[in-house]
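Undergrad: Have a look at this one before I ask anything.
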Amino acid sequence: MKKRGLISVAAAAALAAASLVAYAPASNAAAKTITLAFQGPLTGEEAQVGQDELAGMLYAVKLFNAKNKGKYVVKVVRADDQGDPAQAAKVAPGIASNKKVIGLVGAAYSGATIASLPFYKQRNLAMVSPSATRVSITDPAAGAIGFPVFHRVVVTDKVQGPSLFKLATKGVSSPKVFVVDDQSAYGVGLVDYMKPGIPAGQSAGFDSVSDKTTDWSATIAKVKTAGANVVIYTGYFPQAAVFFKQLRDSGYTGVLAGGDGVLSPSFVTLAPASVLEGVRLTAGTVPLADISDKLEADFQKKMGKASGVYAAESIDAANIFLSCVSKGVSTRAAMLKCVKKFKGKSLTGANLSFDKNGDVAGGVMNGFEVKAGKIVFTGPVK
Amino acid sequence: MFGNFLDQFWSLTFGGLSLGFIYILIALGYTMVYGVLRMINFANSEVFMVGTFATIIIIRDVFKFTQTSEYATGPRLWLILGTALIASMLVSGILSVVIELVAYRRLRRMNSGILAPLISAIGVSMVLAETMRILTDSRPVASPRAMEKSFIGKFFDADIRLDNTIIIVAAIILLAILMAFVNKTRLGKAIRAVSMNGNAAKLMGINIDGVVSITFLVGGLMTGAAGFFYVLKYENSSFSIGFELGIAAFTAAILGGIGNIKGAFYGGLVLGLLETYASFFLGTQWKAVTVFVILVLVLYTRPNGLFGEAMTQSRA
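Residue numbers (the working numbering), protein chains in the order written: chain A, 1 to 382; chain B, 1001 to 1316.
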């Protein structure tokens, strides 16, 4: 009885499976699967930035897959480096040895990029970063450690350093500027590029504070005794929020400014709006909504959320790879060659191509300001 | 440099004092349990961390403050602060008792020695920290500001801030209540008896299990209060601050003499002040180094800590 029952169940299942196959849609065996990767902080303190950039890349891929239905299917593999070089060194080997991946958008952070480069250089994987701004990666004088695989669509800290200083001291008569870095490769680098351009008599001092600090009273005491009226922090937004908060609470009323490490939607959730009012930031990115409202609306429709920082740059980076895919590229060597020769336009309409070191040709630094708890684009820093 | 220090002396001192009181309250968690059980309750640092999150949840989710909300004032402010303080104290206190029941009681019953409860404590500490890490996605959590950090006066050219003052005053009140409890009530007497001689206390009819639970409860209440004050001062928390502050508070307890409430008091104050002064002179990078060098020097000359008597008393 049982055996008969089993046989009839098996027969029914086989029939069902057969009928399913018969009704299956015409197979798209012609569509080629291409795999790209994204590397950035997807968890941890900096997760917001990574998630925003990933969303930009996924949006570009979605549009491409829709346009090339039947021809190509692009998949995205994610690598979470938490914005931390140590973590990056752990995830990069996996991506590098994954033969299917032929291009990488990333890494989002400079420190993580530098830690991942040995693995990607060894396996010849092309990288296009939307946001890693450390100069040494492409600077021949500093070793050009990124050559030949690394490229970036964003302007470097060499430009950002002086721009940040300019934006921070704009409108301030007789500025006395105190600069604090976070002892990270990015933060220290940004200060190094700022220093030569500081006019005599405007510097009120420098400090270097670990990014694990929670109590800033020592630095604040130094700022007060120096009588500074402009304070620039060149680290990342979690520490910037705490530092600015404690600085304002101890009675500081001058200008506060930061670089692109501070520019993040999460920044304004970490301190009261009244404390952050007027904070000036620089970044080599333009908000999607400021490029085109239609684009932002389409992004929100397709991705289910608003675009974040470096969305436009991530879309540009992804589109570089995608344009190569549509030219028939399917190997790492061919992708690297194609990326190096790339000539196209960015979302903002500017020309997009790389110089021999992997830097984007041209590019401008943009200014932002925190107004009523929101980060507002204030135009290029002139 | 020294001139600058004198300028900033009182501001630095107030900051150091409020930090010191936070350390004292956490150190009490360690010291009271050690006094009664001769065991280091490593999980106390995570009890502190949970207390900070309890405060953040009250301010952010129950009272619905955000970074753009208006600050509360007057009776509403006291209501909010009071609720947050009591909530974190209760959450930490209950958590502390539960930890004792789950992780230590059985080992104590079995007379398992010194090592097993220690490892159990470290295990609990990791479970709590990692669970919180998963819940917070490894990110720090910010607390919206409910109370404006206004300046309420000047003291010798240093601005006195409201939050530092509240911490110092409230901590002193809590400590006074604790001292009254330990010295003047029957239960307090029982705790002191158990810490002096556990067997004799049992012979006198004292319920050891009950006393141990009460000790963990009181230690947890104090640690929870520290959590509230920490969030009031720094307005953020993360899954790892238990480790960072726990080490400091534990050091404070050792510095003052472990097992001894008076030791926790002075150890915490000294540590808070020294850390703040050291980071002014040497930079924040040297804070931990300075603290531990001082600890070693003190233990070198007074192995039981500043006020450590031969580990048999838990009285002031």
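The C-beta atom is built at its ideal place from N, Cα and C for all residues, glycine as well.
Strictly under 8 angstroms for the Cβ-Cβ distance: is A/Ser307 near chain B by that measure?
TA: No, because no Cβ of chain B sits closer than 8 angstroms to the Cβ of A/Ser307.
Undergrad: Check the Cβ of A/Glu45 against every Cβ in chain B and list those closer than 9 angstroms, keeping chain order.
TA: Within 9 angstroms Cβ-Cβ: Ser1138, Arg1139, Pro1140 and Ser1238.
Undergrad: Using CA coordinates, which residue listed in B/Tyr1034, B/Ile1024 and B/Thr1301 is at the minimum distance from B/Gly1259?
TA: It is B/Tyr1034.
Undergrad: With DSSP run on the structure shown, which of helix, strand or coil describes A/Asp80?
TA: Correct three-state label for A/Asp80: strand.
Undergrad: Is any heavy atom of the ligand GTP found at a distance shorter than 7 angstroms from the C-beta of B/Leu1017?
TA: The model on display carries no ligand, and the ligand GTP is accordingly not part of it.
Undergrad: Any Cβ of chain B within less than 8 angstroms of the Cβ of A/Ala350?
TA: Not one chain B Cβ lies under 8 angstroms of A/Ala350.
Undergrad: Decide if the segment 181-197 of chain A is in contact with the segment 233-242 of chain A; the criterion is three or more beta carbon pairs, one per stretch, under 8 angstroms apart.
TA: Output reads yes: the segment 233-242 of chain A touches the segment 181-197 of chain A.
Undergrad: Could you please tell me which residues of the segment 229-247 of chain A, in chain order, have their CB closer than 9 angstroms to any CB of chain B?
TA: Within the segment 229-247 of chain A, the residues whose Cβ lies closer than 9 angstroms to some Cβ of chain B are Pro238, Ala241, Val242, Lys245 and Gln246, listed in chain order.
Undergrad: Do A/Val153 and A/Leu125 have their C-beta atoms closer together than 8 angstroms?
TA: It is not a contact, given that the beta carbons lie outside the stated cut-off.
Undergrad: What's the C-alpha gap between B/Phe1228 and A/Thr138?
TA: Rounded to whole angstroms, B/Phe1228 to A/Thr138 spans 48 angstroms at the Cα level.
Undergrad: When the Cα atoms are used, what is the spatial distance from B/Leu1077 to B/Ile1247?
TA: Rounded to the nearest angstrom, the two C-alpha atoms are 32 angstroms apart.
Undergrad: Cα-Cα, which of A/Lys71, A/Val275 and A/Ala55 is closest to A/Val325?
TA: The residue with the shortest Cα to Cα distance from A/Val325 is A/Lys71.
Undergrad: So the candidates are B/Tyr1023, B/Asp1007 and B/Gln1008; which of them puts its Cα closest to the Cα of B/Ala1252?
TA: Selected option, being the one with the closest Cα: B/Tyr1023.
Undergrad: Using a Cβ-Cβ distance under 8 angstroms, would A/Ala107 count as near chain B?
TA: It does not: the Cβ of A/Ala107 has no partner Cβ on chain B nearer than 8 angstroms.
Undergrad: Quick one: Cα of A/Ala350 to Cα of A/Val309, how far?
TA: Roughly 19 angstroms between the two C-alpha positions.
Undergrad: Go ahead and pull the three-state DSSP assignment for A/Tyr23.
TA: Residue placement at A/Tyr23 is poorly supported in this model, since its pLDDT is 46, which falls under 50; the coordinates still yield a value, given next. In the structure shown, A/Tyr23 sits in a helix (DSSP, three-state: H, G or I).
Undergrad: Compare the C-beta of A/Ser210 against all C-beta atoms of chain B and say whether one is closer than 8 angstroms.
TA: Yes, its Cβ sits closer than 8 angstroms to a Cβ of chain B.
Undergrad: On the three-state DSSP scale, how would you describe A/Gly41?
TA: Reading the sequence as shown, one finds Pro at residue 41 of chain A and not Gly. A/Pro41 falls in the coil class under three-state DSSP.
Undergrad: Is DSSP giving B/Val1098 helix, strand or coil here?
TA: Reduced to three states, the DSSP call for B/Val1098 is helix.
Undergrad: So, does the CB of B/Ser1279 fall closer than 8 angstroms to a CB anywhere in chain A?
TA: Interface residue, yes.
Undergrad: Here's a check: name, in chain order, each residue in its chain whose Cβ is nearer than 6 angstroms to the Cβ of A/Thr253, leaving out the five neighbours to either side.
TA: Excluding positions up to five away in sequence, the list is empty.
Undergrad: According to DSSP, simplified to helix, strand and coil, what is A/Leu247?
TA: Looking at A/Leu247 - three-state DSSP - the assignment turns out to be helix.
Undergrad: I'd like to know whether the C-beta of B/Thr1185 is nearer than 8 angstroms to at least one C-beta of chain A.
TA: So no, B/Thr1185 is outside the interface.
Undergrad: Anything in chain A within Cβ reach of B/Glu1235, meaning under 7 angstroms, just list it in chain order.
TA: Per Cβ cutoff of 7 angstroms: Lys245.
Undergrad: Cβ of A/Gly358 within 8 angstroms of Cβ of A/Gln160?
TA: Cβ atoms of A/Gly358 and A/Gln160: not closer than 8 angstroms.
Undergrad: Tell me which residues share the same chain as A/Asp190 and place their Cβ nearer than 6 angstroms to its Cβ, disregarding the 5 neighbours each side in the sequence.
TA: A small fix is needed here, since residue 190 of chain A is Leu in this sequence, not Asp. So the list reads Asp157, Gly161, Thr234 and Gly259, once near-sequence residues are dropped.
Undergrad: Can you tell me the Cβ-Cβ gap for B/Tyr1230 and B/Thr1031, rounded? I've got them flagged as a contact below 8 angstroms.
TA: Not really, about 19 angstroms apart at Cβ, beyond 8 angstroms.
Undergrad: Does the CB of B/Asp1007 have a neighbour CB from chain A at under 8 angstroms?
TA: Yes, contact with chain A.
Undergrad: For B/Arg1106, is the classification buried or exposed, using 16 other Cβ atoms within 10 angstroms of its Cβ as the cut-off for buried?
TA: Exposed is the call here.
Undergrad: Is there at least one Cβ from chain B nearer than 8 angstroms to A/Ala112's Cβ?
TA: No, A/Ala112 lies away from the interface with chain B (no Cβ there is under 8 angstroms from its Cβ).
Undergrad: Counting pairs of Cβ atoms below 8 angstroms between the segment 1066-1076 of chain B and the segment 1084-1099 of chain B, do you hit three or more?
TA: Judged by Cβ distances under 8 angstroms, the segment 1066-1076 of chain B makes no contact with the segment 1084-1099 of chain B, as fewer than three pairs qualify.
Undergrad: Which residue's Cα is closest to the Cα of B/Ile1261: B/Gly1188, B/Ile1134, B/Glu1244 and B/Ser1240?
TA: Of the candidates B/Gly1188, B/Ile1134, B/Glu1244 and B/Ser1240, the one whose C-alpha sits nearest the C-alpha of B/Ile1261 is B/Gly1188.
Undergrad: Can you give me, in chain order, the residues of the segment 270-285 of chain A that have a beta carbon less than 7 angstroms from any beta carbon in chain B?
TA: Against chain B - using a Cβ distance shorter than 7 angstroms - the residues of the segment 270-285 of chain A are Leu270, Ala271, Pro272 and Ala273.
Undergrad: Consider the Cβ of A/Gly259: report whether some Cβ of chain B lies at a distance smaller than 8 angstroms.
TA: No, A/Gly259 lies away from the interface with chain B (no Cβ there is under 8 angstroms from its Cβ).
Undergrad: At a CB-CB cut-off below 9 angstroms, which residues of chain A make contact with B/Gly1145?
TA: According to the sequence as given, residue 1145 of chain B is Arg; it is not Gly. In chain order: Lys245, Ala271, Pro272, Ser274 and Val275.
Undergrad: Could you tell me whether any Cβ in chain B is nearer than 8 angstroms to the Cβ of A/Asp249?
TA: With 8 angstroms as the cut-off, A/Asp249 counts as an interface residue toward chain B.
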